[in-house]
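What follows is a set of notes on a single structure, which appears directly below.
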Amino acid sequence: MQLWKRPETGIYYAWIKQPHGGTKRVSTKCIKKADAELWAARRERESLDPSHSTANKATTKGAIESFLAGRVRRQRRDETIAFYRVKLGHVLRLFPEMLRDVNASTLESYTDTRREEGAANATIAKEVGAALAMLRYARKLDLWTGDIDKVRPDIPTGYTPAKASANALGTLRARELLLFAQVGRPTVVPRRGQGGHDRVHRGHGMPLG
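All letters in the sequence shown, in the order written, are residues -17 to 191 by this note's numbering.
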């Protein structure tokens, strides 16, 4: 690109390439050449790639709202929408204001902060999953230009919804069976009676605390 400094003001102007050919002279509003070069380079990228301009202006809040609106349009269940709304509330609180600033360090810092706040790994995994789903949707809309695989953090957790539900159901069933064994059925306790004969005492066990 070409820069020109206006003598009477000291402000640099740049000739920016246009999408359909040719150039356009615009003011960089900068009086330092290095600043003018950075501004002009960014402006030229935005001019040649409209999606870059869109991503450069997108906010985290706007991306979250677009994602939730997309879930509603796809007629997701109210419980699903509520789930994403809660999880992404933490994302909105801890992510940078501008979506373009979200990178791998953002996700690593997010997981560290949530651990410091006392959140369990399983909870953090759900929140990060919601954040990645939001970023994937934002990328589809040209609101974010990052790489999902590169920003995905490592969270040491063996939590899987199906496995957790099965384990919880199995534990509940086991408790029910044990409670029935102790309360619902008589307990036979042998006693030594008079004359050396065994007597049988039938009682009930104590319920689980």
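Glycine included, every Cβ here is placed at the ideal spot set by N, Cα and C.
In angstroms with no decimal places, state the Cα-to-Cα distance between residue i and residue j.
i, j, result
"Ile106", "Glu79", "20 Å"
"Leu70", "Leu76", "10 Å"
"Asp60", "Ala51", "12 Å"
"Met116", "Ser91", "18 Å"
"Phe49", "Ile13", "41 Å"
"Lys(-13)", "Asp17", "13 Å"
"Pro143", "Phe65", "Below a pLDDT of 50, predicted positions are generally treated as unreliable, and Pro143, at 42, falls in that range; the measurement from the model is reported next regardless. If you take the alpha carbons of Pro143 and Phe65, they lie about 14 Å apart."
"Arg201", "Ile63", "Lying outside -17 to 191, the shown extent of the chain, residue 201 is not represented and no answer is given."
"Glu98", "Pro(-11)", "55 Å"
"Val110", "Ala101", "12 Å"
"Gly128", "His2", "27 Å"
"Arg58", "Lys108", "17 Å"
If you compare alpha carbons, which of the options is closest to residue i?
i, options, result
"Gln(-16)", "Tyr(-5), Asp129, Gly4", "Tyr(-5)"
"Thr6", "Ile(-2), Cys12, Pro135", "The amino acid occupying residue 6 in the given sequence is Lys; Thr does not appear at that position. Of the candidates Ile(-2), Cys12, Pro135, the one whose C-alpha sits nearest the C-alpha of Lys6 is Ile(-2)."
"Arg53", "Asp83, Ala112, His2, Val8", "Ala112"
"Pro135", "Arg97, Asn38, Thr93, Ala102", "Thr93"
"Arg96", "Lys14, His72, Phe49, Asp83", "His72"
"Gly(-8)", "Lys15, Pro138, Glu109, Val8", "Lys15"
"Asp83", "Glu26, Lys39, Val110", "Lys39"
Quick one, are the C-beta atoms of residue i and residue j less than 8 Å apart?
i, j, result
"Thr42", "Leu74", "yes"
"Ala23", "Thr10", "no"
"Val133", "Ala104", "no"
"Leu125", "Leu81", "yes"
"Arg8", "Arg27", "Reading off the sequence shown, one finds Val at residue 8, where the question assumed Arg. Not closer than 8 Å, so no."
"Ile137", "Leu114", "no"
Quiz item: Just checking, does the segment 105 to 121 make contact with the segment 43 to 58 on the three C-beta pairs under 8 Å criterion?
Solution: yes
- Inside the segment 23 to 71 only - alpha helix (DSSP H) runs reaching at least 4 residues: 32 to 39, 42 to 55
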